[in-house]
Amino acid sequence: MKVTNELSSGLSSLVELNGTILQQLRIHKNMVGLWGYEKITNLITTQKQIVSQFQDTLITFMLKEEYNLDLQNLGKLNIGQTVEEIFVSDRSMAANCYELCNKINFITHDIELKVLLEKISIHQKGYYSLMNQQLELVRQMGTQLYLATRG
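Heads up: take any position in the sequence shown, counting from 1, add 81, and you land on the working numbering.
1) Using the Cα positions of Gln221 and Arg231, report the straight-line distance between them to the nearest angstrom.
2) Restricting to Cα atoms, I'd like to know which of Lys157, Ile201, Ile125 and Asn186 is closest to Leu106.
3) For my contact list, Gly114 and Thr122 are in at a C-beta cut-off of 8 Å; report their separation, rounded to the angstrom.
4) Please confirm if the segment 198-211 is in contact with the segment 164-179, defined as three or more CB-CB distances below 8 Å between the two stretches.
5) Which of the three DSSP states, helix, strand or coil, is assigned to Ile160?
6) How many angstroms separate the CA atom of Asp137 from the CA atom of Leu211?
7) Using a Cβ-Cβ cutoff of less than 7 Å, which residues in the same chain neighbour Asp151 once the five nearest sequence positions on both sides are dropped?
8) Let me check understanding here. Comparing Cα to Cα, which of His109, Leu103, Leu95 and Gly91 lies closest to Ile160?
9) Spatial neighbours of Met143 within its chain, please: CB distance less than 6 Å, with the 5 preceding and 5 following residues excluded, ordered by chain position.
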């Protein structure tokens, strides 16, 4: 029973974290869109769509398996005020999601859930790496040149 409670708690935390990520991505997408950075807006939009698909699949799994589900709670949003801060914030959220997926993966025996968690982990690790690359470019080129060439 402890594993089920721990698993249920972990999955609820993952749903909450993904909800927080989606809210944060929505705000960041709107901000960079207002600033006129179409490429960055497209990058964030793609990430938001993928996380949304994972969230839908995760919620469907939890409903099917009759886990307790609370969709009203979100974690603390960390909204960046500059492009660099946005990249740092989104990288942090990706790292948190990756770590939580791996933690849950160790306690579950459900193959379907393991496959889903692996997909989420791989994607979030890739997004983390992408944010690292973009941050390195911002730091090497400077924000203005980065935005002029890649925004």
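Idealized CB from N, CA, C, for every residue including glycine.
Everything numeric in this text was worked out from a predicted model, so none of it was measured.
The relevant details are as follows:
1) Rounded to whole angstroms, the separation of the alpha carbons of Arg231 and Gln221 is 13 Å.
2) Minimum Cα-Cα distance from Leu106 among the listed residues Lys157, Ile201, Ile125 and Asn186 corresponds to Ile125.
3) The pair is a contact, with the Cβ atoms about 5 Å apart (cut-off 8 Å).
4) Three or more Cβ pairs drawn from the segment 198-211 and the segment 164-179 lie within less than 8 Å of each other, which places the two stretches in contact.
5) Coil.
6) The C-alpha of Asp137 lies about 24 Å from the C-alpha of Leu211.
7) Ser93.
8) Here the closest residue by C-alpha is His109.
9) Excluding sequence neighbours, Met143 sits near Leu92 and Leu150.
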